[in-house]
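Heads up, the thing below is written out as structure tokens.
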Amino acid sequence: MIAAPLDVELVPGHKTPAWAFGGSAPGTELRVRQGEWLRLRFINQLPVETTIHWHGIRLPLEMDGVPYVSQLPVKPGEYFDYKFRVPDAGSYWYHPHVSSSEELGRGLVGPLIVEEREPTGFRHERTVSLKSWHVDEEGAFTEFSVLREAAREGTAGRLSTLNGIAQAVIELPAGQITRVRLLNLDNTVTYRLNLPDAEAQIYALDGNPVTPRPFGDEYWLGPGMRICLAIKAPTAGEEISLRNGPVRLGTFRSVANNDAPGEWPPELPANPVAEPDLERAEKINFNFEWVGSVSVNTDNGKPPSLWQINGEAWDITDKTCADRPIAKLKLGQSYIFELKNMTQYQHPIHLHGMSFKVIASNRRKIIPYFTDTFLLGRNERARVALVADNPGVWMFHCHVIDHMETGLMAAIEVS
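Its first residue numbered 306, the sequence shown is counted upward by one per residue in this note's numbering.
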């Protein structure tokens, strides 16, 4: 797969100088079957160095795509061979971990779909990548990260798209149950997804199956998060709006087909994620803090420290930060992470290399489920549990990209 510049038409009649994986932005949809090997030669034809991180995949450290931690950056004109077995089915995605605000902002994101080993009962499927673009009315890029916004919710794009198209129309076969994979590939935006009057069930969260349940009024999908729905399309010609709060993002349109009416498929098979031993688990506290009011300093050539985890801010320019992990875990041991958001802003907290189980929150009722990214609400305290079963030094960070780049990242070592 090649990463290269590509002009795309996001604003009608205007070209945007995007960067693309596989000749499209968002990038080519990659598919692999659960348990099989993903083998990919990545060729960098961009004017900058980059990597590929495989978001949500439990893989060996040397394939994780984090510069100076798991690999060296891939320089312009060079290549890197990624090779790993994919243990879990579900909806995942890929993106760089170098100059992330700009590289993701320019379009270097793409879906990775891991198909179940056996048929699931779904006959129809759609992948929908959500992304807002930092462009003006003529398609020119605006700033990907603004300091004032990085110290708040993050720097949001102005143009929302589905699969790279503003106000996209996605066809569904009338009367059929379609598996719809919604992936938030955005730098910043948490989508308050709603589907007015739709018959929809939730089947998986962030790649991991859950007991099917009604979609409800809305679901908050933070950056890096994914949700798998089953949607029953209405009569041919009718439409379902996909909305972010009150704002329509696009439309699902029913089209005629000759198939017999579909039935709701059974629950998806669970992924082989180790169940943590909550009775014997060791507890570790992680406090997510805002410090922008006292520490902003842009005179030293380094990114400002606006955010901290347990009093420490990650310096994105320091290639040795991973040598100082914020926590050291014993291989095979169970842990409970106490996550405390001490800020007025929400943070989608993402862990590389392992999945964790969300077990409790002081703000909402939790039906326990496995994930790799949890949207920690403002002033929320949550408990997540995991088995430290993948050796290495793993990134642990907020997936609002300009929060990550201004301090809200750390390393966790498993050995």
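We put the beta carbon where it would ideally sit given N, CA and C, even for glycine.
Contact defined as beta carbons within less than 8 Å: I believe residue i pairs with residue j. What is the distance between those atoms, to the nearest angstrom?
| i | j | result |
| --- | --- | --- |
| glycine 395 | glycine 512 | 3 Å |
| arginine 363 | glycine 658 | 6 Å |
| serine 375 | glutamate 367 | 5 Å |
| serine 639 | alanine 575 | That belief does not hold up - the Cβ atoms of serine 639 and alanine 575 are roughly 18 Å apart, past 8 Å. |
| proline 331 | glycine 410 | In fact, because the Cβ distance is near 12 Å, the residues do not count as touching under 8 Å. |
| aspartate 707 | serine 450 | 4 Å |
| glycine 712 | leucine 611 | 6 Å |
| isoleucine 631 | asparagine 615 | 6 Å |
Out of the options, state which residue places its alpha-carbon closest to the alpha-carbon of residue i.
| i | options | result |
| --- | --- | --- |
| threonine 355 | Tyr399, Tyr640 and Gln339 | Tyr399 |
| lysine 662 | Gly370, Val692, Tyr650 and Arg585 | Val692 |
| arginine 518 | Pro501, Leu573 and Tyr496 | Leu573 |
| proline 514 | Thr333, Leu335 and Asp677 | Asp677 |
| arginine 422 | Arg629, Arg338 and Thr556 | Arg338 |
| glycine 340 | Glu504, Phe389 and Ile470 | Phe389 |
| valine 596 | Glu587, Pro609 and Ile589 | Pro609 |
| proline 581 | Tyr674, Arg336 and Arg683 | Tyr674 |
| proline 539 | Leu526, Gly567 and Arg548 | Gly567 |
| isoleucine 470 | Thr447, Tyr373, Trp438 and Glu443 | Trp438 |
| phenylalanine 591 | Pro696, Cys703 and Gly527 | Cys703 |
| glutamate 448 | Lys670, Glu458 and Arg463 | Arg463 |
| arginine 683 | Arg669, Ile664, Pro571 and Tyr650 | Tyr650 |
Given a threshold of 16 other Cβ atoms within 10 Å of its Cβ, counted over all protein chains shown, does residue i qualify as buried or as exposed?
| i | result |
| --- | --- |
| tryptophan 569 | exposed |
| tryptophan 342 | exposed |
| lysine 537 | buried |
| valine 599 | Summary for valine 599: the model assigns pLDDT 46, below 50, so the residue's position carries little reliability; its value from the coordinates is reported in the next sentence. Exposed. |
| arginine 346 | exposed |
| asparagine 492 | buried |
| serine 404 | buried |
| glutamate 543 | exposed |
| glutamine 481 | buried |
| isoleucine 672 | exposed |
| leucine 377 | exposed |
| histidine 681 | Before going further, note that residue 681 is leucine rather than histidine in the sequence given. Leucine 681 should be labelled buried. |
| valine 552 | exposed |
| threonine 495 | buried |
| alanine 455 | buried |
| alanine 325 | buried |
| isoleucine 357 | buried |
| valine 313 | buried |
| glycine 550 | exposed |
| serine 720 | exposed |
| threonine 648 | buried |
| glutamate 710 | buried |
| glutamate 408 | buried |
| asparagine 489 | buried |
| aspartate 502 | exposed |
| threonine 483 | buried |
Going by the beta-carbon positions, is the gap between residue i and residue j smaller than 9 Å?
| i | j | result |
| --- | --- | --- |
| leucine 477 | isoleucine 545 | yes |
| serine 406 | threonine 460 | yes |
| valine 485 | arginine 431 | yes |
| valine 705 | histidine 652 | yes |
| threonine 321 | glycine 327 | no |
| arginine 686 | asparagine 646 | yes |
| alanine 479 | alanine 561 | yes |
| isoleucine 589 | methionine 714 | no |
| phenylalanine 701 | leucine 656 | yes |
| valine 316 | glutamate 442 | yes |
| valine 433 | isoleucine 475 | yes |
| valine 379 | tyrosine 397 | no |
| glycine 370 | proline 416 | no |
For residue i, report the span of its alpha helix (DSSP H) as first-last.
| i | result |
| --- | --- |
| isoleucine 348 | Note, isoleucine 348: premise wrong, no alpha helix (DSSP H); beta strand (DSSP E) at 342 to 349. |
| leucine 366 | Unbroken run through leucine 366: none, as it is neither H nor E. |
| serine 270 | Residue coverage of the chain in this structure runs from 306 to 720, which leaves residue 270 outside it and unanswerable. |
| isoleucine 706 | 706 to 709 |
| arginine 453 | 452 to 455 |
Would you kindly report the start and end of the unbroken beta strand (DSSP E) that includes residue i?
| i | result |
| --- | --- |
| isoleucine 307 | 307 to 313 |
| arginine 531 | 531 to 537 |
| leucine 498 | 496 to 499 |
| leucine 691 | 686 to 692 |
| arginine 669 | Element bounds for arginine 669: n/a, residue is neither H nor E. |
| alanine 632 | 632 to 634 |
| aspartate 386 | 384 to 390 |
| glycine 521 | First-last for glycine 521: undefined, no H or E at that position. |
| proline 721 | Because the chain spans 306 through 720 in this model, residue 721 falls outside it and cannot be assessed. |
| glycine 637 | Where glycine 637 is concerned, there is no enclosing beta strand (DSSP E), given that its DSSP letter is neither H nor E. |
| phenylalanine 679 | 678 to 681 |
Is there a Cβ of chain C sitting closer than 9 Å to that of residue i, yes or no?
| i | result |
| --- | --- |
| arginine 669 | Absent from the structure: chain C. Only one protein chain is present. |
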